[in-house]
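> A single structure is presented below for examination.
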Amino acid sequence: MRRTWHGRDTQLSIRMFVVMFLLAAVYLFFMAVLFAVGLDFLTLAIVAAVLLGVQYFFSDKLVLWSMGAKEVGPEQAPQLHSMVERLVTLADLPKPRVAIVDTSVPNAFATGRNPKNAVVAVTSGLLNRLNTSELEAVLAHELSHVKNRDVMVITLASFFGTIAQFIMRSALFSGMYGGHRGRRDRDGGQALIIIYVVSIVVWILSFLLIRALSRYREFAADRGAAVITGAPSNLASALLKISGVLQRVPERDLREVEGMNAFFILPAIKGSWLMELLSTHPSLEKRLDRLRKMQMEMETAV
Numbered sequence: 044m045r046r047t048w049h050g051r052d053t054q055l056s057i058r059m060f061v062v063m064f065l066l067a068a069v070y071l072f073f074m075a076v077l078f079a080v081g082l083d084f085l086t087l088a089i090v091a092a093v094l095l096g097v098q099y100f101f102s103d104k105l106v107l108w109s110m111g112a113k114e115v116g117p118e119q120a121p122q123l124h125s126m127v128e129r130l131v132t133l134a135d136l137p138k139p140r141v142a143i144v145d146t147s148v149p150n151a152f153a154t155g156r157n158p159k160n161a162v163v164a165v166t167s168g169l170l171n172r173l174n175t176s177e178l179e180a181v182l183a184h185e186l187s188h189v190k191n192r193d194v195m196v197i198t199l200a201s202f203f204g205t206i207a208q209f210i211m212r213s214a215l216f217s218g219m220y221g222g223h224r225g226r227r228d229r230d231g232g233q234a235l236i237i238i239y240v241v242s243i244v245v246w247i248l249s250f251l252l253i254r255a256l257s258r259y260r261e262f263a264a265d266r267g268a269a270v271i272t273g274a275p276s277n278l279a280s281a282l283l284k285i286s287g288v289l290q291r292v293p294e295r296d297l298r299e300v301e302g303m304n305a306f307f308i309l310p311a312i313k314g315s316w317l318m319e320l321l322s323t324h325p326s327l328e329k330r331l332d333r334l335r336k337m338q339m340e341m342e343t344a345v
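Going by my numbering, the first residue of the sequence shown is number 44, and it counts up by one from there.
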């Protein structure tokens, strides 16, 4: 039976809308500047679209390959598949492929361009440390990412940021290796400077806004897990366990998987020294506080 809960986090929805609105405003300004200086925007857009298209359509294969994850069938991991089957029924989702990563770092991630092409993966370290209820909560969080199509959302949000980054690199390369091809006229030089400066500004703003959007999507996935399982406290318990174990994992093991931090349910880092402004995830304290409030809301609604 599909699980429903009619509570809504209006504040979270408004914040995601505001971030998307600001991203749109930044990108419209960027387009206006590029058109004003006569830059061949179409070529850049095609290049960016190709790069992001590869990332979008092959994200599942690339991520699994980078992590050394192995897809497993029901005969190889019957309990894990049983959990996923139960949760997708509750979440009204097609069943994704299931994979396991052989690492002591306890974590999980989901990828795939849409619910029909999704993969949910867990590490052996996670399977060895969480109980059934906590593991279900983590899987529900990852399935919420699939249901919310977060890979698509972040990919689309990154489109113009990718163009800005491409312009920055092209301008830097041109400046390093094209200096002896003759001077451009003054107007052309000024246009290049404007494009380069605006590209830097757009890239920085999009970098910060996309990370803010990513943090809000994590909150939304936490909420989705609470709705699917009906027990926010289970996810809170799982996050606490994962965080505690990560503090004891050797630095070498953490470095091996740090490239996947944006996908993980918790970044594989020690301590809290990274500025939250630059993180793809909200702080553990804020997530636990929201889960506690959701638990209280659910108990009150019953």
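Even for Gly, the Cβ is constructed at its ideal location relative to N, Cα and C.
Between which two residues does the beta strand (DSSP E) containing Val165 stretch?
Segment 162-166, the beta strand (DSSP E) holding Val165.
> How many whole angstroms separate the CB atoms of Val115 and Ile143, which I take to be in contact at a CB cut-off of 8 Å?
The pair is a contact, with the Cβ atoms about 5 Å apart (cut-off 8 Å).
> Taking all protein chains shown into account, decide if Asp83 is buried (16 or more other Cβ within 10 angstroms of its Cβ) or exposed.
Per the 10 Å Cβ criterion, exposed.
> Going along the chain, which residues of its own chain have a beta-carbon closer than 6 Å to the beta-carbon of Ala112, five neighbours each way excluded?
The answer, listed in chain order, is Ala142, Val144, Ala164.
> Closest to Pro139 by C-alpha separation, out of Ile308, Val189, Lys104, would be which residue?
When only C-alpha atoms are compared, the closest one is Val189.
> Do Leu130 and Ala92 have their beta-carbon atoms positioned less than 8 Å apart in this structure?
No.
> Using the C-alpha atoms, what's the distance from Lys159 back to Met339?
Approximately 34 Å, taken between the alpha carbons.
> Measure the C-alpha to C-alpha separation of Phe209 and Phe203 and round it to an integer number of angstroms.
Looking at the two C-alpha atoms, the distance is approximately 10 Å.
> Starting from Phe152 and walking both ways along the beta strand (DSSP E), at which residues does that stretch end?
Its beta strand (DSSP E) spans residues 151-154.
> What is the C-beta distance between Leu248 and Val69, in whole angstroms, given that I count them as a contact (C-beta under 8 Å)?
With 8 Å as the limit, Leu248 and Val69 qualify as a contact, their Cβ atoms being about 5 Å apart.
> Could you check whether the Cβ of Leu256 sits closer than 8 Å to any Cβ belonging to chain C?
You won't find chain C in this structure, because it holds only one protein chain.
> Does DSSP put Lys113 in a helix, a strand or coil?
Correct three-state label for Lys113: strand.
> Kindly indicate which three-state DSSP category Ile308 falls into: helix, strand or coil?
The answer is coil: DSSP assigns Ile308 none of H, G, I, E or B.
> Which whole runs of the alpha helix (DSSP H) in the region 63-148 are 4 residues long or more, in chain order?
As far as the region 63-148 is concerned, its whole alpha helix (DSSP H) runs of at least 4 residues are 84-100, 102-110, 121-134.
> What does a CB cutoff of less than 6 Å around Pro275 pick up in its chain, not counting 5 residues either side in sequence?
The answer, listed in chain order, is Ala269, Leu334, Met337, Gln338.
> Measure the alpha-carbon distance for Leu283 versus Leu327 and round it to whole angstroms.
Leu283 and Leu327: Cα-Cα distance of roughly 8 Å.
> Taking the alpha carbon of Asn157 as the reference point, which residue from Ala207, Ile237, Phe100 has its own alpha carbon closest?
Cα-wise, what sits closest to Asn157 is Phe100.
> Quick one: what's got a C-beta closer than 7 Å to Asp265's C-beta in the same chain, skipping five residues either side?
Excluding positions up to five away in sequence, the list reads His184, Leu278, Arg330, Arg333, Leu334.
> I believe Val300 touches Thr146 by the beta-carbon criterion, under 8 Å. Please report the beta-carbon distance rounded to the nearest angstrom.
Contact flag correct, Cβ pair sits at about 6 Å.
> Just reading off the alpha helix (DSSP H) that Gln338 is part of, what are its end residues?
Start and end: 327-344.
> Rounded to whole angstroms, what's the CA-CA distance from Ala207 to Phe250? Just pull it up for me.
Looking at the two C-alpha atoms, the distance is approximately 11 Å.
> Pull up the CB-CB distance for Val162 and Gly155, whole angstroms please, since I reckon it's below 8 Å.
The Cβ separation is near 5 Å, so the contact holds.
> By Cβ distance below 8 Å, which residues in the same chain neighbour Asn191 in space, the five residues on each side in sequence not counted?
Once the five neighbours on either side are set aside, the close Cβ partners of Asn191 are Arg260, Ala263, Ala264, Gly267.
> In terms of alpha-carbon separation, which member of Asn150, Phe60, Val97, Trp108 lies closest to Gly9?
Nothing can be reported for residue 9: it is not among the residues displayed for the chain, which extend from 44 to 345.
> Take Arg254 as the anchor and find which of Leu170, Val196, Ile271, Ser109 has the nearest alpha-carbon.
Arg254 has its Cα closest to that of Val196, out of Leu170, Val196, Ile271, Ser109.
> When the Cα of Phe60 is compared with those of Arg298, Leu256, Phe152, which residue comes out closest?
It is Leu256.
> Assuming Met126 and Met303 are in contact, meaning their beta carbons sit under 8 Å apart, how far apart are those beta carbons, in whole angstroms?
Not a contact, Cβ separation roughly 22 Å.
> Specify the secondary structure class of Asn174 as computed by DSSP and reduced to three states.
Three-state result, Asn174: coil.
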